[in-house]
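Right, one structure below, let's go through it.
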Amino acid sequence: MKIITDPTELQRQCLDWRKQGHTIGLVPTMGYLHHGHTSLIDRARTECDKLVISVFVNPAQFGENEDLDSYPRDFESDRAKAEAHGVDLIFAPEPGSMYADNHATWVEAPRLGEHLCGTTRPIHFRGVCTVVTKLFMLTQAEVAVFGEKDWQQFAILRRMVRDLNMPIRLIGHPIVREEDGLALSSRNAYLTEEERAVAPNIRKGLLKLVDKAKGGERDCAALKQFLADEYAAALPMGEVDYIEIVDPDEISPLRTIARSALAAVAVRMGKARLIDNILIEV
Ligand code: AMP
424 MKIITDPTEL QRQCLDWRKQ GHTIGLVPTM GYLHHGHTSL IDRARTECDK LVISVFVNPA
484 QFGENEDLDS YPRDFESDRA KAEAHGVDLI FAPEPGSMYA DNHATWVEAP RLGEHLCGTT
544 RPIHFRGVCT VVTKLFMLTQ AEVAVFGEKD WQQFAILRRM VRDLNMPIRL IGHPIVREED
604 GLALSSRNAY LTEEERAVAP NIRKGLLKLV DKAKGGERDC AALKQFLADE YAAALPMGEV
664 DYIEIVDPDE ISPLRTIARS ALAAVAVRMG KARLIDNILI EV
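Its first residue numbered 424, the sequence shown is counted upward by one per residue in this note's numbering.
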């Protein structure tokens with residue numbers, strides 16, 4: 424397994440692979456790999472000859488008061504996991520080599536980033552779209568795998584690829600969870616024992632909301648209030664960032680559920696901000 428830190432060297436290696444007729448697959452990550460990431464890697468492994476993952480805590484997608492500096496990092500562990508899952512190349516650049524001091528070009532799909540995480544993280548998706556575009560250009564990948572845990576991110580990237588005719592196929596992978604239902608996240612490392620014990624109630628509330636919708640409640644305001652009440656009781660130390668029901672493709676809030684809808688939440692617990700979502704099909 425190769426480890427490359429220099430973007431130009433990555434591009435040269437990947438262009439060589441393409442010339443030799445290999446297909447390249449990509450899984451972008453911020454490292455501190457867990458079973459969610461390795462599931463994406465396993466999926467990508469079946470889709471390409473040469474599998475590249477990136478391990479890069481991308482400064483452009485963090486706001487000023489966010490956890491860029493404290494984001495968990497453990498490159499040795501990431502290296503071992505990547506190797507065990509058949510990765511051919513880890514790209515682990517320094518921020519300075521990805522963004523020149525006078526970097527001036529951004530990629531964004533503002534309308535899809537207005538709600539959910541975009542409300543409290545206004546520059547987040549611009550940073551994501553830009554770094555993912557750079558990774559696509561550097562790797563020349565034909566396929567890339569993303570997690571549905573970050574549903575809004577995946578919806579935005581799908582739109583970006585379609586709108587800009589990027590020659591790449593995107594695959595979405597279902598959310599990987601702990602046995603008690605908590606969605607795996609590198610940020611779960613921030614949770615205290617007490618917070619970790621109640622965190623699965625984020626998912627439990629979403630499941631109850633789906634039951635309620637399937638039972639006939641189609642009014643989104645009522646459904647959101649129901650979930651807010653659930654969380655107030657079951658997540659006493661949680662502070663709700665948002666509870667929203669949106670169109671799954673447009674990420675725009677719905678008043679009533681007609682066919683499919685996405686319920687998405689973000690909850691702050693101590694140092695962690697946890698997100699989760701569920702598709703409602705009625
Ligand atoms: P991150 O390192 O958090 O930026 O995540 C890298 C990729 O892994 C993204 O496409 C995420 O959506 C995906 N991912 C992270 N956690 C999970 C999970 N629990 N289940 C599925 N995909 C995940």
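Quick reminder that beta carbons are idealized off the backbone N, C-alpha and C, glycines included. Computed from a predicted model, the values in this text were never measured in an experiment.
From the DSSP output, in three-state form, read off residue 683 for me.
On the sequence shown, position 260 is the one that residue 683 refers to. Of the three classes helix, strand and coil, the one that applies to residue 683 here is strand, per DSSP.
Unbroken beta strand (DSSP E) run spanning residue 493, endpoints:
Within the sequence shown, numbered from 1, the residue matching residue 493 stands at position 70. No beta strand (DSSP E) holds residue 493; DSSP gives it neither H nor E.
Residue 450 by DSSP, collapsed to three states: which one?
Taking the first residue of the sequence shown as 1, we reach residue 450 at position 27. In this structure, residue 450 counts as strand in the three-state DSSP scheme.
When you compare each of 533, 586, 471 and 702 to residue 509 by their alpha carbons, which one comes out closest?
For the purposes of this step, residue 509 is taken as residue 86 along the sequence shown, with counting starting at 1. Just measuring C-alpha positions, the residue of 533, 586, 471 and 702 sitting nearest residue 509 is 471.
Rounded to whole angstroms, what's the CA-CA distance from residue 586 to residue 663? Just pull it up for me.
Against the sequence shown, residue 586 aligns to sequence position 163. Against the sequence shown, residue 663 aligns to sequence position 240. One C-alpha to the other measures close to 33 Å.
Measure the C-alpha to C-alpha separation of residue 524 and residue 474 and round it to an integer number of angstroms.
One-based indexing of the sequence shown puts residue 524 at position 101. One-based indexing of the sequence shown puts residue 474 at position 51. Each residue's Cα considered, the two are about 30 Å apart.
Assuming the contact rule is C-beta atoms closer than 8 Å, residue 530 and residue 451 should be a hit. Round their C-beta distance to whole Å, please.
Locating residue 530 in the sequence shown gives position 107, where the first residue counts as 1. Locating residue 451 in the sequence shown gives position 28, where the first residue counts as 1. Contact flag wrong, Cβ pair sits at about 14 Å.
Does the separation of the CB atoms of residue 690 and residue 625 fall below 8 Å?
Within the sequence shown, the letter at position 267 stands for residue 690. Within the sequence shown, the letter at position 202 stands for residue 625. The Cβ atoms of residue 690 and residue 625 sit closer than 8 Å to each other.
Beta-bridge partners of residue 676, as assigned by DSSP:
Position 253 of the sequence shown, counted from the first residue, corresponds to residue 676. Residue 676 is bridged to 669.
Could you tell me the distance, in whole angstroms, from the CA atom of residue 468 to the CA atom of residue 578?
If you number the sequence shown from 1, residue 468 lands on position 45. If you number the sequence shown from 1, residue 578 lands on position 155. The straight-line gap separating the alpha-carbon atoms of residue 468 and residue 578 is approximately 22 Å.
In angstroms with no decimal places, state the Cα-to-Cα distance between residue 485 and residue 671.
The sequence position of residue 485 within the sequence shown is 62, counting from 1. The sequence position of residue 671 within the sequence shown is 248, counting from 1. Distance from the CA atom of residue 485 to the CA atom of residue 671, rounded to whole angstroms, is 24 Å.
In or out: residue 561 buried (at least 16 other Cβ within 10 Å) or exposed?
Within the sequence shown, residue 561 is the residue found at index 138, counting from 1. Residue 561 is buried by the Cβ-count criterion.
Taking 7 Å as the line, does the beta carbon of residue 546 fall inside it for any heavy atom of ligand 1?
Taking the sequence shown and counting its residues from 1, the one referred to as residue 546 is at position 123. Answer for residue 546: no, Cβ out of range of ligand 1.
In this structure, does DSSP put residue 700 in helix, strand or coil?
Mapped onto the sequence shown, residue 700 falls at position 277. In the structure shown, residue 700 sits in a strand (DSSP, three-state: E or B).
Any heavy atom of ligand 1 closer than 7 Å to the CB of residue 508?
Here residue 508 corresponds to residue number 85 of the sequence shown, with the count starting at 1. Checking every heavy atom of ligand 1 against the Cβ of residue 508, none is found closer than 7 Å.
Beta-carbon proximity check, residue 433 vs residue 514, cutoff 8 Å
Position 10 of the sequence shown, counted from the first residue, corresponds to residue 433. Position 91 of the sequence shown, counted from the first residue, corresponds to residue 514. Yes, they are a contact pair.
Do residue 702 and residue 675 count as a contact pair if the criterion is CB distance below 8 Å?
The count along the sequence shown starts at 1 and reaches residue 675 at position 252. The count along the sequence shown starts at 1 and reaches residue 702 at position 279. Result no, Cβ atoms of residue 675 and residue 702 do not sit closer than 8 Å.
Measuring alpha carbon to alpha carbon, tell me which residue in 631, 608, 491 and 481 is nearest residue 519.
As a first step, residue 519 must be located in the sequence shown, where it is residue number 96. The shortest Cα separation from residue 519 among 631, 608, 491 and 481 belongs to 481.
Run the proximity test for residue 614: is its beta-carbon closer than 7 Å to any non-hydrogen atom belonging to ligand 1?
As a first step, residue 614 is located in the sequence shown; it is residue number 191 there, counting from the start. Incorrect: residue 614 has no Cβ contact closer than 7 Å to ligand 1.
Straight-line CA distance for residue 540 to residue 575?
Taking the first residue of the sequence shown as 1, we reach residue 540 at position 117. Taking the first residue of the sequence shown as 1, we reach residue 575 at position 152. C-alpha separation (whole angstroms): 8 Å.
Answer yes or no: the CB of residue 606 versus the heavy atoms of ligand 1, is any distance below 7 Å?
As a first step, residue 606 is located in the sequence shown; it is residue number 183 there, counting from the start. Yes - ligand 1 has a heavy atom lying nearer than 7 Å to the Cβ of residue 606.
Take residue 505 as the anchor and find which of 698, 462 and 563 has the nearest alpha-carbon.
Here residue 505 refers to the residue found at position 82 of the sequence shown. The residue among 698, 462 and 563 with its C-alpha nearest the C-alpha of residue 505 is 462.
Mind checking whether residue 583 and residue 527 have CB atoms under 8 Å apart?
As a first step, residue 583 must be located in the sequence shown, where it is residue number 160. As a first step, residue 527 must be located in the sequence shown, where it is residue number 104. No, the Cβ-Cβ distance between residue 583 and residue 527 is not below 8 Å.
I'd like the span of the beta strand (DSSP E) that includes residue 705, first residue to last.
Translated into the one-based positions of the sequence shown, residue 705 becomes position 282. Counting along the chain, no beta strand (DSSP E) covers residue 705, and no H or E run does either.
Classification of residue 436 by the beta-carbon crowding that lies within 10 angstroms, buried from 16 upward
Numbered from its first residue, the sequence shown carries residue 436 at position 13. Label assigned to residue 436: buried.
How long is the line joining the alpha carbons of residue 679 and residue 639, rounded to whole angstroms?
One-based indexing of the sequence shown puts residue 679 at position 256. One-based indexing of the sequence shown puts residue 639 at position 216. Going from the Cα of residue 679 to the Cα of residue 639 covers about 11 Å.
Beta-carbon separation (whole angstroms), residue 572 vs residue 668, contact threshold 8 Å:
Locating residue 572 in the sequence shown gives position 149, counting from the first residue. Locating residue 668 in the sequence shown gives position 245, counting from the first residue. That belief does not hold up - the Cβ atoms of residue 572 and residue 668 are roughly 18 Å apart, past 8 Å.
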